[in-house]
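Report on the following structure.
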Amino acid sequence: MPWHWHSFKTTSTTTTTTASTCTSCYSQTVSQILPSTLIASYGFDGDTVDTLGIYNFTMINNPTFVQGYFPNGQALHLNSNLSQYLQTSYVNLTYRSWTVSQWIYVLGFNVQDSSIVGECVSTTTDQCLHLNIRNPKLFMGFYSDDATGGTTLQLNQWYHVSFVYDYSIKKQYIYLNGILDGVSANTPAGPYKGSVGNLTIGRNFVVRTPLNYFNGYLDSMVFINNVRTACDIMIDATLAAYYSMDLTLTDSGPNSLDAQASGQTNYTNGHINQAFEFNFAISYFQTGYGFTFLGEKNQAYSFSLWINPIALTGTVLHVSSSDTGLDWCLPVIGFSSSGSIIAQTLNSNLTVITAQGPILSLNTWTHFVVTWGSTNGLKLYINGTLVTTVSVTSFSANNGTILPKYVTLANPLSGVSCSKQGLIGTPGQFYGRIDEFYIFAKELNTSDVCVLCSYK
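Residue numbering for the sequence shown is 472 to 927, as defined by the working numbering.
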């Protein structure tokens with residue numbers, strides 16, 4: 472899937488502000504990659520063409536393509552047993568700052584290195600670029616001038632990976648899923664000085680050859696000629712989608728997963744600018760098909776939205792692997808039979824776990840955040856305050872196969888007959904307004920929640 476970038480917070484006649492006490496990456500805008508900073512970009516949607524047309528890759532030993540991290544696109548599949556890799560001409564990354572980011576999915580670790588990016592013809596200090604996995608942690612090397620990640624990677628899991636070199640302070644950085652995972656061992660580190668050699672994806676010609684082929688999938692790889700900040704990378708990796716509801720179905724996050732609405736849905740006054748109003752049966756808002764992380768077991772997630780109910784009944788947010796609301800399905804947010812707001816998740820025993828909140832005021836805007844992570848469990852925040860925590864250490868998102876998920880607001884559709892309803896009192900239509908909807912591939916912390924709740 473190609474890289475797309477949009478404004479994170481829209482601007483209109485209403486000014487968006489945040490409380491001065493809140494500090495979070497989600498208080499800033501999505502930083503667009505300017506054309507002048509782009510070195511090369513690859514969607515890997517059935518080809519290995521650079522979107523700029525400069526550094527097109529040649530496929531060696533017939534690599535293939537599979538469904539990617541973004542299910543409406545594809546990913547490159549490299550099989551190490553077949554010595555598959557990509558090759559293009561020399562790319563000048565010397566004496567400059569740069570960032571290389573991509574999504575990776577490892578099927579098997581090589582006994583030595585699993586090479587992601589290589590540009591190396593010499594075992595001379597600072598003249599051999601190798602970005603790879605070793606032991607099995609992320610590794611960023613210029614040769615005898617390296618950085619190692621601190622997290623042991625797992626097989627069969629998507630990761631967002633960024634390698635950053637800051638030439639101004641001579642420092643290397645490794646980010647995993649938006650979090651700083653490693654820094655350069657040397658001070659100063661680099662700069663990289665390699666002036667010749669082909670750039671390769673999936674192997675390195677010199678370091679730990681020949682057992683350094685990558686075995687797995689690569690998706691949405693980008694090379695830029697500056698330092699992408701820690702907050703930029705956090706947003707790239709974890710903001711799955713953002714829908715302002717301001718007279719548009721557009722996803723204003725980094726992934727362009729535009730939504731659709733059906734039935735009697737109307738735009739009306741929102742908490743910020745406009746909102747969607749659901750006042751008729753079978754009216755709903757459904758995101759694009761693309762949330763792979765919601766199909767991975769034990770993957771952290773969060774939802775944030777403003778709701779203004781005119782009745783305390785129905786399903787507010789429903790997750791499913793089918794656009795009908797069925798197959799794998801779970802009502803995540805809704806109302807209990809007593810009218811209290813609830814949040815739900817599904818543990819490894821396929822038991823619905825519920826966090827119960829208060830009874831909301833009718834015709835009043837309320838900010839609602841639900842988060843899940845294996846350490847902290849299921850959490851429910853109301854208007855920025857944590858009101859309920861339930862211990863649950865697992866999330867069962869599939870039956871062994873990653874099943875990307877649809878997210879539907881205001882109606883579960885055929886999912887009204889989903890077998891896992893939990894404590895939803897009357898599954899079905901939500902009546903009221905919804906605004907400022909965010910989906911995150913991470914467990915939000917209290918500062919993140921504070922920022923999202925403080926938008927006015």
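Quick reminder that beta carbons are idealized off the backbone N, C-alpha and C, glycines included.
Does DSSP put residue i in a helix, a strand or coil?
i      : result
PRO883 : coil
PHE764 : helix
ILE706 : helix
VAL592 : coil
ASP919 : helix
SER775 : strand
LEU509 : strand
LEU553 : helix
CYS889 : coil
CYS800 : strand
TYR943 : Outside the shown range of the chain, which is 472 to 927, sits residue 943, and nothing can be said about it.
TYR926 : coil
CYS493 : coil
SER498 : helix
ARG567 : coil
THR795 : coil
PHE747 : strand
THR622 : coil
GLY906 : According to the sequence as given, residue 906 is Asp; it is not Gly. Strand.
MET611 : strand
ASP842 : It is worth fixing the name first, because residue 842 is Thr in this sequence and not Asp. It is a strand residue.
ASN603 : strand
TYR638 : coil
MET716 : coil
LEU647 : strand
TRP836 : coil
THR519 : coil
GLY661 : coil
PRO473 : For PRO473, the predicted model reports a pLDDT of 41, less than 50, meaning its position is unreliable and no value from the coordinates is stated.
For the putative contact between residue i and residue j, defined by C-beta atoms under 8 Å, what is the C-beta separation to the nearest angstrom?
i      : j      : result
LEU915 : SER773 : 4 Å
GLN545 : ASP521 : No, GLN545 and ASP521 are not in contact; Cβ-Cβ is about 16 Å, not under 8 Å.
TYR760 : ASN543 : 6 Å
ILE704 : GLY665 : Not really, about 24 Å apart at Cβ, beyond 8 Å.
LEU797 : SER791 : 6 Å
PHE580 : GLN558 : At roughly 22 Å, the Cβ-Cβ gap does not stay under 8 Å, so PHE580 and GLN558 are not in contact.
SER691 : TYR540 : 7 Å
GLN815 : LEU801 : 7 Å
GLY865 : SER845 : Here residue 865 is Ser; the residue named in the question, Gly, does not match the sequence. Indeed, because the Cβ distance is near 7 Å, the residues count as touching under 8 Å.
LEU509 : ILE695 : 6 Å
ASN869 : LYS768 : 6 Å
THR763 : VAL677 : That pair is no contact at about 34 Å.
ASP556 : ILE672 : The sequence as given places Tyr at residue 556; Asp does not occur at that position. The Cβ separation is near 6 Å, so the contact holds.
VAL803 : ALA881 : That pair is no contact at about 13 Å.
VAL632 : ILE575 : 6 Å
LEU817 : SER867 : 5 Å
ASP584 : ASN686 : That belief does not hold up - the Cβ atoms of ASP584 and ASN686 are roughly 11 Å apart, past 8 Å.
Closer than 6 Å by C-beta to residue i: which residues in its own chain qualify, once you throw out the five before and the five after it? Chain order, please.
i      : result
TYR909 : TYR713, SER775
VAL858 : GLY828, LEU851
GLY899 : GLY785, VAL887
ARG699 : THR570
TYR738 : LEU718, GLN745
ASP794 : TYR877
CYS889 : CYS800
SER495 : SER918, ASP919, VAL922
GLY810 : LEU783, ILE830
LEU894 : SER807, ILE813, THR825
TRP777 : HIS742, TRP836, HIS838, ASP906, GLU907
THR721 : ASP729
Within its chain, find whatever has a CB closer than 7 Å to the CB of residue i; leave out the 5 residues flanking it on each side and keep chain order.
i      : result
GLN735 : ASN750, PHE751, SER754
THR489 : Only weak support exists for where THR489 lies, its pLDDT of 40 falling under 50; the coordinates are left without a value.
ASP652 : LEU609, GLY620, GLY621, THR622, ILE645, TYR646
SER554 : ASN532, TYR684
By a C-beta neighbour count over all protein chains shown, 10 Å radius and 16 as the cutoff for buried, is residue i buried or exposed?
i      : result
GLY621 : exposed
TYR566 : exposed
VAL582 : exposed
ASN465 : No answer is possible for residue 465: the residues shown for the chain start at 472 and end at 927.
SER819 : exposed
GLN731 : exposed
PRO534 : buried
ILE706 : buried
VAL959 : Because the chain here runs from 472 to 927, residue 959 falls outside it and cannot be looked at.
ALA640 : At residue 640 the sequence reads Ile, which differs from the Ala that was named. Answer is exposed; the Cβ neighbour count stays below 16.
SER655 : buried
For chain D, check one thing: does any of its Cβ atoms lie closer than 8 Å to the Cβ of residue i?
i      : result
TYR714 : Judged by its chain identifiers, the structure shown contains no chain D, having just a single protein chain.
Considering only residues of the same chain and omitting the five flanking positions on each side of residue i, which have a CB-CB separation below 8 Å?
i      : result
SER733 : ILE753, SER754, TYR755, GLN757
Is residue i a contact residue of the ligand FMN, with contact defined as CB to any heavy atom under 7 Å?
i      : result
GLY649 : The ligand FMN is not part of this structure, which contains no ligands at all.
What are the start and end residues of each continuous beta strand (DSSP E) run of 3 or more residues lying completely inside the stretch 667 to 704, in chain order? 670 to 672, 687 to 695
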